[in-house]
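K.L.:
Below you'll find the structure I mean.
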Amino acid sequence: MIGASLSRWTMSYFAAALLALVAAEIMMIAGYGFPGAPVAAPETLILVHVVVIGWLSMLMCGALLQFVPVLVATPLYSNTLSLPALVSLVAGLGALILGFLQLDGRVASPLPFLPIAAVLLIAGFALILWNLGRTLAAASAVALPARFVVVGLASIACTVALGAIFAFVLGGAIGAGPLVALTAAGLPIHVVAGLGGWLTFTAMGVSYRLLAMFMLAPELEGASTRIALYLGAAALAVAIAGGTAMVLTGHGPAPALLAALALALPALALYGKDALHLYRARRRPVIELNSRMAAVALLGFAASAVLVVVLLALGQLGERIGAVIFLTVFGWLSGLGLAQLYKIVAFLTWLECYGPVLGKAPTPRVQDLVVERHARPWFTLYFVAVGGGTVALLADVPIGFRLAAVVLLAATAGIVGQLIRTRRLVEVDAAGRFPQGARRPRLLLSCEG
Amino acid sequence: MTSTFVDLDVRPILRAGGEPFAEIMAAVTALEPRQGLRLLATFKPVPLFSVLGAKGYAHEAKELGGGDWEILFTPAGGDEAAAPAAVATDAAHWPAPVQELDNRELDPPEPMVRILAATEALSKGEVLAALLCREPVFLLPELAKRGHAWSGGFEPDGKTYKILVRIGTANQAA
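If you read the sequences in order, they're chains A and B. Take the first sequence: its position 186, counted from the start at 1, is 186 in our numbering, and no numbers get skipped. Quick note: to get our numbering, add 1000 to the position in the second sequence (first position is 1).
Here it is as structure tokens:
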């Protein structure tokens, strides 16, 4: 079999992800976690993991189950494995939250929640890796964007491995010296592997293809893309392997992380140049909302990188790391995620519903499933809130951050509302909504066939 | 889906200057309803494709290197319940396209919509040609579901993907 079909559980991943995003925004409004609590407090750890596992990783896994097959023109190895992976990840996140609450005594159960979380999250991500890995291995050729994804998948393996070590040590399950040392000093490596390797590098790879596809721009296979891949992969290897080696030999990971940054910045510059080229070389004069909002997210990415360099030069990176992470997570990763979700949900819903009758009966266009003029204000509000939140964190105004979170939640709710309307085909003219033979999509899963 | 293949290696007969046709037909006659034949030969036995096609076998030819070929002959419609496999077909013997589409400048998924619409207007056995700017990954399974055979690949420029679709012939030899 050649080609790609609908990934059955992708919509379920997206729904779980959006629920986690809304939950995280409610926590931020309530002042739960940073900046109301210290960066390393259990509350902050809960907030951060609801965002990066619950929202971003679920979003990424759901998207990859659909788009790795598209990237390599090979069907997904198994649709069946996607559901146990989803259940493991959700249960693992739940156990992780309980485990963090145990750390400061708010949950008094004798159950070892952190080790349980580690086992469940390892199982969930392993199922995803196995499924995507087998799909990639079956492909006859792995194009450049898919190689970024491969590096991202290797990074999530490292992130989960480090996280599991922390969980086993903090949960009292193991006490071996080197692992305790890693738990004490390895947090920055875990963060870089997760945010930089897994989420950012994978998002870069996927965006190369999505931007080219949706703007009718030529696929980039040239030297700058290739060098960005190699430099980025080298930066991650230095940060993760080098950083771990430094910690295990009794040093801090900082020199390895600085060396990684020196490799990563030119990689990001090349990626920025490529992205700019995709926008300039596009054959489609008027681009859709997802591509326009992706450009704002790319600006958020650039701003994050500039902020890192400026804070580093000012010697304030440590104390302002919260603002950097907020901007990276919400401006770049979540911004890109929401922008592309807006298109992906419409496209997958369209394909699921009208695929069987294309050419046989009049069908709506993909763009008939969305009303961009209704979604645009929510996206604008979203990015304004991200900017406001970042400034509030940099200026140490916690109440300003909470106000920004209120706007962020309102904007997210508005975007989610638009996604549900798309999935329900509300925007399609009722007369032509379900031609004879069309498949009525369900909200949370996609039918094959 | 075909569950098993019977192996037949006619390379020794061919290398000895012999004619394996009788052996092949005997092997095909002996096949069970859902069995296929895996034939190993020293050249691509094109005439055999139509002979066995007439007996209801689809074929898939693969060059093994050293000039040898492996051909899988599969009984068409062996299992009604199985999903149609979206497998590219050898289009060398197809008639010339009756319609050509240039879909390179269209926004996705318009190329797919136009190709499917065009296939609905053609008659069985007719061929449609289309140019695209990428491999149409979502189109291929849909063509298979509708019983059309297809053959596609990137042109030498590496940028244009050309697909040929032959209407309603997915389960027949080319």
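Backbone N, C-alpha and C fix where the C-beta goes; we use that ideal spot for every residue, glycine too. Keep in mind that this is a model prediction, so the values were computed, not measured.
Who does B:His1059 pair with in a DSSP beta bridge?
P.N.:
B:His1059 is bridged by DSSP to B:Phe1073.
K.L.:
Strictly below 9 Å CB to CB, what residues from chain A border B:Glu1063?
P.N.:
Ordered by position in chain A, no residue passes the 9 Å Cβ test against B:Glu1063, which lies about 15 Å from the chain.
K.L.:
So that I know if they touch, is there some Cβ in chain A lying closer than 9 Å to that of B:Pro1097?
P.N.:
no
K.L.:
Any beta-carbon of chain B closer than 9 Å to the one on A:Leu76?
P.N.:
Answer no: the Cβ-Cβ gap between A:Leu76 and chain B never drops below 9 Å.
K.L.:
Rank A:Ala15, A:Arg8, A:Ala23, A:Ala4 by C-alpha distance to the C-alpha of A:Leu409 and give the top, closest one.
P.N.:
For A:Leu409, the closest of A:Ala15, A:Arg8, A:Ala23, A:Ala4 by C-alpha to C-alpha distance is A:Ala23.
K.L.:
Pick helix, strand or coil for B:Ile1167, following the three-state DSSP scheme.
P.N.:
Secondary structure of B:Ile1167 (DSSP, three-state): coil.
K.L.:
Which two residues bound the contiguous beta strand (DSSP E) that contains B:Gln1099?
P.N.:
Residues 1099-1102.
K.L.:
Chain E partners of A:Leu278, CB-CB under 9 Å?
P.N.:
Within the model displayed, chain E is absent; protein chains A and B are what it includes.
K.L.:
Please confirm whether B:Lys1159 has its beta-carbon closer than 9 Å to some beta-carbon of chain A.
P.N.:
With 9 Å as the cut-off, B:Lys1159 counts as an interface residue toward chain A.
K.L.:
With A:Ala294 and A:Ala339 assumed to form a contact (beta carbons below 8 Å), what rounded beta-carbon distance in angstroms separates them?
P.N.:
5 Å
K.L.:
Which bits of chain B does A:Ser5 rub up against, with CB to CB less than 7 Å?
P.N.:
Pro1141
K.L.:
Going along chain A in order, which residues have a C-beta closer than 8 Å to the C-beta of B:Glu1120?
P.N.:
Gly359, Lys360
K.L.:
Tell me the DSSP secondary structure of B:Arg1038 in three-state form.
P.N.:
Strand at B:Arg1038.
K.L.:
Could you pull out every residue in the same chain whose Cβ sits closer than 6 Å to the Cβ of B:Cys1133, ignoring the five residues on either side in sequence?
P.N.:
Arg1104
K.L.:
Measure the CB-CB distance between A:Gly172 and A:Pro112 and report whether it falls below 9 Å.
P.N.:
yes
K.L.:
Interface residues of chain A around B:Glu1135 at Cβ under 7 Å?
P.N.:
Ala73
K.L.:
Are the CB atoms of B:Thr1042 and B:Asp1068 within a distance shorter than 9 Å?
P.N.:
For the pair B:Asp1068 and B:Thr1042, the CB atoms are nearer than the 9 Å cut-off.
K.L.:
Taking only beta-carbon atoms, is A:Gly355 less than 9 Å away from chain B?
P.N.:
yes
K.L.:
Please state if the CB of A:Trp198 and the CB of A:Met58 are separated by a distance shorter than 9 Å.
P.N.:
no
K.L.:
Tell me the rounded alpha-carbon separation between B:Ala1081 and B:Glu1142.
P.N.:
Any reading at B:Ala1081 needs caution, since the residue's pLDDT is 37, under 50, leaving its predicted position unreliable; the model's value is listed next. One C-alpha to the other measures close to 17 Å.
K.L.:
Taking Cβ-Cβ distances shorter than 7 Å, what residues in chain B pair up with A:Val366?
P.N.:
Pro1109
K.L.:
Count Cβ pairs between the stretch 276-285 of chain A and the stretch 216-230 of chain A that sit closer than 8 Å; are there 3 or more?
P.N.:
yes
K.L.:
Do A:Gly163 and A:Gly243 have their C-beta atoms closer together than 9 Å?
P.N.:
No; because the gap between Cβ atoms is not below 9 Å, this pair is not in contact.
K.L.:
At 4 residues or longer, what runs of the alpha helix (DSSP H) sit wholly inside the stretch 244-315 of chain A?
P.N.:
254-280, 289-314
K.L.:
Which residues does DSSP list as the beta-bridge partners of A:Val192?
P.N.:
Residue pairing for A:Val192: DSSP places it in no beta bridge.
K.L.:
Is the distance from the Cβ of A:Gly331 to the Cβ of A:Gly400 below 9 Å?
P.N.:
For A:Gly331 and A:Gly400, no; Cβs fall outside 9 Å.
K.L.:
Label A:Thr80 either buried or exposed according to how many other C-beta atoms from any shown protein chain fall within 10 Å of its C-beta, with 16 as the threshold for buried.
P.N.:
exposed
K.L.:
Leaving out the 5 sequence neighbours to the left and right, which residues in its chain are closer than 7 Å to B:Leu1116 when beta-carbon positions are compared?
P.N.:
Glu1142
K.L.:
Please report whether the beta-carbon of B:Met1112 lies at a distance below 9 Å from any beta-carbon of chain A.
P.N.:
yes
K.L.:
Taking 7 Å as the limit between beta carbons, can you name the residues of its chain near B:Ala1118, skipping five residues before and five after?
P.N.:
Gln1099, Leu1101, Leu1128
K.L.:
Show which residues of chain A have a CB atom less than 8 Å away from the CB atom of B:Glu1105.
P.N.:
Result: Leu216, Arg283.
K.L.:
What residues from chain B crowd round A:Ala70, counting only those whose CB sits closer than 7 Å?
P.N.:
The displayed chain sequence assigns Val, not Ala, to residue 70 of chain A. In chain order: Val1137.
K.L.:
Classify A:Thr225 as buried or exposed, calling it buried when 16 or more other Cβ atoms lie within 10 Å of its own Cβ.
P.N.:
By the neighbour-count rule (16 or more Cβ atoms within 10 Å), A:Thr225 is buried.
K.L.:
Give, in chain order, every residue of the stretch 320-351 of chain A whose Cβ lies closer than 8 Å to some Cβ of chain B.
P.N.:
Phe347, Trp350, Leu351
K.L.:
Please identify, using Cβ separations under 8 Å, the residues of the stretch 199-215 of chain A that lie next to chain B, in order along the chain.
P.N.:
Closer than 8 Å at the C-beta level to chain B, one finds these residues of the stretch 199-215 of chain A: Met213, Phe214.
K.L.:
Determine which residues share a DSSP beta bridge with B:Lys1162 and list them.
P.N.:
Looking at the DSSP assignment, B:Lys1162 forms a beta bridge with B:Leu1131, B:Gly1153.
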